[in-house]
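Remarks on the structure that follows.
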Amino acid sequence: MRSKHIILAATAAIVSGLFSLNASAHALWLENDAKAIKLYFGEYSENLRETSPGRLDGIVEPAATVIDAAGKENPVKPIRENGYFAIPGNTTGNAVLVQALKQPIREPQGENPGPVSKRFLYARFGKGGSLPLDIENTGDLLRLSFMGKPAAKTEIIVIAPNGWEKHLTTDEKGEVSFSLPESGLYVIEAKYEHKNPGEFEGKPYAIEIHKVTLSVYK
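Read in order, the letters of the sequence shown are residues -25 to -1, 1 to 193 in mature numbering (1 follows the signal peptide of the UniProt record, and there is no 0).
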């Protein structure tokens, strides 16, 4: 009987670990490898980076803005490589904002299909400028906003360098405190669904799904 309890406890621990390392849906995020800033698409928690040819080609004409220390914004066009988009120009010490606004309509799938949706993907590195759905980092506080207004009671996921995830929820001000326990790159992501019917490339949709990441190095 004791061995049975040990097995059950071990199983529960494994399941708990799996939930802690559970993969998030695909997103864009930025990484700085000292030589350049690169835009990736995949699942950071799973160390999954899509390639071209492949699912990276599903990111349609992303637009980037490089913001220097004086706050000057310089629009640039990311260059698609085999496993990422290269952000051109002098990005050393500068902030980078990315928007992928031309993603195709997502048709409902499965036995219980949801409404037709349109995705809007964003990524941020550094401070300055603004995105439609944006995460600001003030050191020990994250602030989430949508169209300049606080995104209250919305989930934020902090993904550590080892893939571990911590799920947080913003307060009425769109804020939540956080800490980074170890060194490395943290990707912080949030999703915001907006019931705003529209049309893209001749196809109607009922819901906008906005997703943003903030890349933070410790």
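Glycine is no exception: its CB is placed at the ideal position from the N, C-alpha and C atoms.
Taking the Cα positions, ALA126 is about 5 angstroms away from GLY149. Residue state for TYR19 is assigned as helix, using DSSP reduced to three classes.
DSSP places HIS1 outside any beta strand (DSSP E), giving it a letter other than H or E. Straight across, the Cα-Cα distance linking GLU6 with ARG118 is about 21 angstroms. Around the C-beta of GLN84, fewer than 16 other C-beta atoms lie within 10 Å, and the residue is accordingly described as exposed. The criterion of a C-beta distance shorter than 8 angstroms is not satisfied by LEU116 and SER154. In this structure, the alpha-carbon of ALA9 lies about 8 angstroms from that of THR67. Classified as exposed, HIS142 has fewer than 16 neighbouring CB atoms from the shown chains inside 10 Å of its CB. Secondary structure note for TYR59: it is in no beta strand (DSSP E), with a DSSP letter that is neither H nor E. Look at GLY123 here: in three-state DSSP terms it is coil, with no helix or strand label. Within the DSSP bridge table, the entry for PHE95 names HIS185 as partners.
Residue state for GLY138 is assigned as coil, using DSSP reduced to three classes. In this model, LEU31 and ARG24 are separated by some 8 angstroms (Cα to Cα). Note on geometry: alpha-carbon atoms of THR145 and PRO53 lie some 32 angstroms from one another. Cβ-Cβ separation between VAL191 and ASN112: approximately 6 angstroms, consistent with a contact (criterion under 8 angstroms).
Here ASP43 carries a coil assignment [DSSP, helix/strand/coil]. DSSP places LYS166 in the uninterrupted beta strand (DSSP E) bounded by 160 to 169.
Residue pairing by DSSP places SER152 opposite LEU116 in a beta bridge. Around the beta carbon of GLY101, 16 or more other beta carbons lie within 10 angstroms, which makes this residue buried.
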